[in-house]
Amino acid sequence: MFKQTISLIQKEFVMEFRQKYALGAIVLYAVSTVFICYLSFHTIDSKTTWNALFWVIELFAATNAVSKSFGGESKEVQLYTYTLASPGAVILSKIIYNILLTIALTLVTILVYSTLIGNQVVEMSLFLGTAVLGASGFAAVLTMVSAIASRTNGNLALMAILSIPLLMPILIIVIKLSSMAVSGMLLEDPTNYLIALGSLNIVTAALGYLLFPYLWHD
Amino acid sequence: MKAHWWKALGIILVLYSIVMGFLGKVPALWVLHETIRNLYFHVTMWFAMMTLLTISLGYSIAYLRGFKREYDVIATEAANVAMMFGAVGIVTGMAWANFTWGEPWPNDPKLNGVAVGMIAYIAYFILRASIDEQSKRGRIAAVYNIFAYVMFMVFVNALPRMADDSMHPGQAGNPGFGGYDLDSGMRAVFYPAVIGWILMGVWLVNVRKRMRELEFKFLQNELD
Chain A
73 MFKQTISLIQ KEFVMEFRQK YALGAIVLYA VSTVFICYLS FHTIDSKTTW
123 NALFWVIELF AATNAVSKSF GGESKEVQLY TYTLASPGAV ILSKIIYNIL
173 LTIALTLVTI LVYSTLIGNQ VVEMSLFLGT AVLGASGFAA VLTMVSAIAS
223 RTNGNLALMA ILSIPLLMPI LIIVIKLSSM AVSGMLLEDP TNYLIALGSL
273 NIVTAALGYL LFPYLWHD
Chain B
203 MKAHWWKALG IILVLYSIVM GFLGKVPALW VLHETIRNLY FHVTMWFAMM
253 TLLTISLGYS IAYLRGFKRE YDVIATEAAN VAMMFGAVGI VTGMAWANFT
303 WGEPWPNDPK LNGVAVGMIA YIAYFILRAS IDEQSKRGRI AAVYNIFAYV
353 MFMVFVNALP RMADDSMHPG QAGNPGFGGY DLDSGMRAVF YPAVIGWILM
403 GVWLVNVRKR MRELEFKFLQ NELD
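Quick note, the sequences are listed as chains A and B, same order.
Just add 72 to wherever you are in the first sequence, counting from 1, and you've got the numbering used here.
Just add 202 to wherever you are in the second sequence, counting from 1, and you've got the numbering used here.
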């Protein structure tokens, strides 16, 4: 199980680097969204707007990045994988890979966003911690929703409808935390929210692990 | 008749709560005044909704364990009826908020949470509609239902408690509604009303499930 997960993660990396265009498309999507925002805003004075805009970009970039994780594979490849590995290993490897991918994407987005539009963050470590935890939460939920959406009649448009309500609790905690980090006003202890965010991530990943076996077979 | 006593009990309890809700004595409270009577109608909707969503979750889990078509039907219909209670709960809540908080939709975490939670369940119905094959639909919808339930509970019960700006009782450090404005006379109406509405909800699910079974049988006869 553990070995299977590790080798499946390796497989994901190898696949990703063999078809670099997919990786490029994801990064291009995030960067060009930021650039559109830069062209329309130039600089943002309001910290609330800065924060909201960042998370909107982040949400759609993450959705775009993860949506291909099950939808992008052909039925035959999936069948072949399932004959080799247990469904638990498949979903765990996908979740872990997508978490790494989304975190990397988030860091790139933060870099480009703060270079172009300006860095408004006061508490950088809190902001980065929130971004990393939030990105992993997004990835865990989106991986599962991508598995669900890929089982419907090939309708990837469903992805957005299904994932946004499920992402909302994570998004609300994340926005709360990052508005603390951006304003630098730590009126209340952020650790409670960080713990809540982390436990939400764990619950989502555990649910994915438990429920995926019911999803993959026809 | 033996099997139907709970339906009669449901009717009696709901009628009792309506009559006593409008005619019974309520404590004179600051700001709330007579609108406290809405407690019997607004809060009970949420109790019924939560119960039905939990029933829906239970049947979804049961469906994943045995793949009995009947369980899938009950899970869907329970979520359906729960959404009806939720819609009524929102409308009664908006009326109440208009009188006590000054606007029908104040920016309150509980309200926004419920709105998003209900969107999650609407997405559940859209997901069901997008899959044709019955057993596949049941399985995938059950998985999504479990996710939606967990997120809904986080949203409606956990987040508003953490938030610092909720006006609902029991949230954000506010005392629970049992604490200061629920006297024994109101308890005698409120708890029966909760039980009555839950029974009505279960009855509604039961009727809708039987309707769906008849539709299913009818379609099968057509095919034969």
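Virtual Cβ for every residue (Gly too), placed ideally from N, Cα, C.
Could you tell me if residue i is buried or exposed, where buried requires 16 or more neighbouring beta carbons within 10 angstroms of its beta carbon?
i: Glu417(B); result: exposed
i: Pro311(B); result: buried
i: Gly304(B); result: exposed
i: Asp117(A); result: exposed
i: His244(B); result: buried
i: Lys227(B); result: exposed
i: Met216(A); result: buried
i: Ser271(A); result: exposed
i: Met222(B); result: buried
i: Thr178(A); result: buried
i: Thr155(A); result: exposed
i: Pro229(B); result: exposed
i: Trp207(B); result: exposed
i: Leu260(A); result: According to the sequence provided, residue 260(A) is Glu. The question's Leu does not apply to it. Counting Cβ neighbours within 10 Å, Glu260(A) comes out exposed, since fewer than 16 surround it.
Does residue i come out as helix, strand or coil in the three-state DSSP assignment?
i: Phe85(A); result: helix
i: Pro237(A); result: helix
i: Val316(B); result: helix
i: Glu415(B); result: helix
i: Asn309(B); result: coil
i: Gln336(B); result: helix
i: Trp303(B); result: coil
i: Thr187(A); result: helix
i: Gln192(A); result: coil
i: Ser112(A); result: helix
i: Thr224(A); result: coil
i: Leu231(B); result: coil
i: Met73(A); result: coil
i: His289(A); result: coil
i: Ser118(A); result: coil
i: Gly143(A); result: helix
i: Gln91(A); result: coil
i: Trp208(A); result: Correcting the residue identity first, residue 208(A) is Ser in this sequence and not Trp. Of the three classes helix, strand and coil, the one that applies to Ser208(A) here is helix, per DSSP.
Round the Cβ separation of residue i and residue j to the nearest angstrom and send it over; I've been treating them as touching at under 8 Å.
i: Met320(B); j: Gly288(B); result: 5 Å
i: Gly206(A); j: Thr276(A); result: That pair is no contact at about 12 Å.
i: Phe284(A); j: Ser250(A); result: Wrong, their Cβ atoms sit about 30 Å apart, outside the cutoff.
i: Ile244(A); j: Leu361(B); result: 6 Å
i: Trp399(B); j: Ala281(B); result: Actually they are not in contact, since the Cβ atoms of Trp399(B) and Ala281(B) sit about 17 Å apart, beyond 8 Å.
i: Lys119(A); j: Val246(A); result: 15 Å between Cβ atoms; not a contact.
i: Arg389(B); j: Glu279(B); result: The pair is not a contact, with the Cβ atoms about 31 Å apart (cut-off 8 Å).
i: Val138(A); j: Ala211(A); result: 6 Å
Any beta carbon from chain B within less than 8 Å of residue i's own beta carbon?
i: Leu279(A); result: yes
i: Met87(A); result: no
i: Arg223(A); result: yes
i: Leu272(A); result: yes
i: Val162(A); result: no
i: Met252(A); result: no
i: Leu205(A); result: no
i: Ile220(A); result: yes
i: Met257(A); result: no
i: Tyr154(A); result: no
i: Val275(A); result: yes
i: Pro159(A); result: no
i: Ile244(A); result: yes
i: Ile233(A); result: yes
How many Å lie between residue i and residue j at the Cα?
i: Thr202(A); j: Val293(B); result: 36 Å
i: Leu235(A); j: Ala161(A); result: Checking the sequence, you will find Ser at residue 235(A) rather than Leu. Whole-angstrom Cα-Cα distance: 23 Å.
i: Lys338(B); j: Gly268(B); result: 13 Å
i: Glu272(B); j: Thr253(B); result: 19 Å
i: Tyr218(B); j: Leu266(B); result: 39 Å
i: Phe107(A); j: Leu188(A); result: 8 Å
i: Thr224(A); j: Val396(B); result: 38 Å
i: Met353(B); j: Met240(A); result: 8 Å
i: Ile242(A); j: Asn273(A); result: 8 Å
i: Val404(B); j: Ala344(B); result: 19 Å
i: Val180(A); j: Val99(A); result: 8 Å
i: Asn359(B); j: Thr246(B); result: 16 Å
i: Tyr185(A); j: Trp248(B); result: 42 Å
i: Asn123(A); j: Arg412(B); result: 50 Å
i: Ile333(B); j: Tyr346(B); result: 13 Å
i: Ile182(A); j: Arg330(B); result: 37 Å
Flag residue i as yes if its beta-carbon sits less than 8 Å from any beta-carbon of chain A, otherwise no.
i: Phe249(B); result: no
i: Leu313(B); result: no
i: Arg341(B); result: yes
i: Ser258(B); result: no
i: Ser386(B); result: no
i: Tyr351(B); result: no
Mind checking if residue i is an interface residue toward chain C, Cβ cutoff 8 Å exclusive?
i: Pro262(A); result: Of the chains in the structure shown, none is chain C; the protein chains are A and B.
Using only the heavy atoms of the ligand FAD, determine whether one of them is closer than 7 Å to the beta carbon of residue i.
i: Tyr346(B); result: In the structure shown, the ligand FAD is absent, as is every other ligand, since no ligand is present at all.
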